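First comes the structure, then the notes that go with it.
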Ligand SMILES: [Zn+2]
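In the working numbering, the protein residues as written are 176 to 493.
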């Protein structure tokens, strides 16, 4: 990510300036002392070795490894010391790692939690959604597509504001992504690249268009979901369906209806709530504050999905 590398460069520069400064003062002191006995040349050699310290941790390309930087640079106001640690921790948790098992489901935590999920974005609505989430101290998960390149930067923006990014296919075109297993993974690779450009890595989270229980895929490739679901897990991904839906996947619904749907959570304490973030879903944006307020009044907190989140899978029907 461009921002991160700028940050690292700034830190590396500060660190190297600090070291150079220390080296120069030390060298001056030594020069002063040694000049008295007429062996100033020794000081030059000492100064060189002191300065060499600023390069000790440099990797072959000249950059400073992050852990060294965060250890040794004093915190400053513009760059919080915990930044790179948090970024690294998020990436370690959310990054695709084919060697990590993802065949888990039951991670429900003890507290009442809503995992808001927004499919089909980014779009012109994404920033409004992000502002509402911020206002309520809530986080969500965005399963994104490649349909609106003009809004790709919203993927990075959502991530930086603490939300999780998952992949929902690039085309969101059933005939394309469900044409074959290879076609699905080719499409997934495309959206993975878009997301990587925005957040710096490929996440392990996936949502199928139509959910894993969709039967539309049957028209294009009979049996494909039965292959794709275990294959995703085998490749280190996890797919997320939902247990509560706002009902905004079809035509535009009035706000009251969306709120009623989205807040009908039955006995679930861990709610994975389906919403959409595509251009026509303006009533979803309007309904969002009421949905959040309702759940918060019931003692729920809104979190972004992580590997510690309960996984909901529908029954596969194709
Ligand atoms: Zn969708």
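Don't be surprised by glycine CBs; every beta carbon is placed ideally from N, CA and C.
Quick caveat: nothing in here was measured; it's all calculated off a predicted structure.
Asked: Cβ distance (whole Å) where residue 341 is taken to contact residue 380 below 8 Å; Found: 3 Å
Asked: Span separating the alpha-carbon of residue 355 from that of residue 271; Found: 22 Å
Asked: Near ligand 1: residue 489 beta-carbon under 8 Å from a heavy atom; Found: no
Asked: Straight-line Cα distance separating residue 435 from residue 260; Found: 40 Å
Asked: Inter-stretch contact (C-beta, 8 Å, three-pair minimum) for the stretch 404–412 and the stretch 464–471; Found: no
Asked: Selection from 414, 344, 322 and 374 that minimises the alpha carbon distance to residue 361; Found: 344
Asked: Contact set, ligand 1 heavy atom to C-beta under 6 Å; Found: 294, 295, 343, 347 and 384
Asked: Distance between beta carbons of residue 387 and residue 491, contact taken as under 8 Å; Found: 6 Å
Asked: Residue 208 to residue 378 span [Cα, whole Å]; Found: Unreliable positioning characterises residue 208 in this predicted model, as indicated by a pLDDT of 36, which lies under 50. The coordinate reading is nonetheless provided below. Answer to the nearest angstrom: the Cα atoms are 58 Å apart.
Asked: Residues that residue 315 bridges to, as DSSP identifies them; Found: 291
Asked: C-beta atoms of residue 294 and residue 449 nearer than 9 Å; Found: yes
Asked: Supposed close pair residue 437, residue 466 - CB separation, criterion 8 Å; Found: 5 Å
Asked: Spatial neighbours of residue 419 in its chain, beta-carbon cut-off 6 Å, leaving aside the 5 residues before and after; Found: 440, 446 and 448
Asked: Pair within 9 Å by beta-carbon distance, residue 322 and residue 453; Found: yes
Asked: Residue 491 at chain C interface by Cβ criterion, 9 Å; Found: As a matter of chain content, chain C is missing from the structure shown, which is built from one protein chain.
Asked: Assigned exposure category for residue 324 - 16 Cβ within 10 Å defines buried; Found: exposed
Asked: Residue 451, buried or exposed, once every other Cβ within 10 Å from all chains shown has been counted against 16; Found: buried
Asked: Spatially closest choice to residue 276 from 408, 475, 476 and 368, by CA coordinates; Found: 408
Asked: Opposing strand residues paired with residue 413 [DSSP bridges]; Found: 380
Asked: Beta carbon of residue 307 nearer than 9 Å to that of residue 455; Found: no
Asked: Inter-residue spacing [alpha-carbon to alpha-carbon] between residue 290 and residue 336; Found: 16 Å
Asked: First and last residue of the uninterrupted beta strand (DSSP E) at residue 494; Found: Past the edges of the chain, shown from 176 to 493, lies residue 494, and the structure says nothing about it.
Asked: Candidates 397, 460 and 415, of which the one nearest residue 350 by Cα; Found: 397
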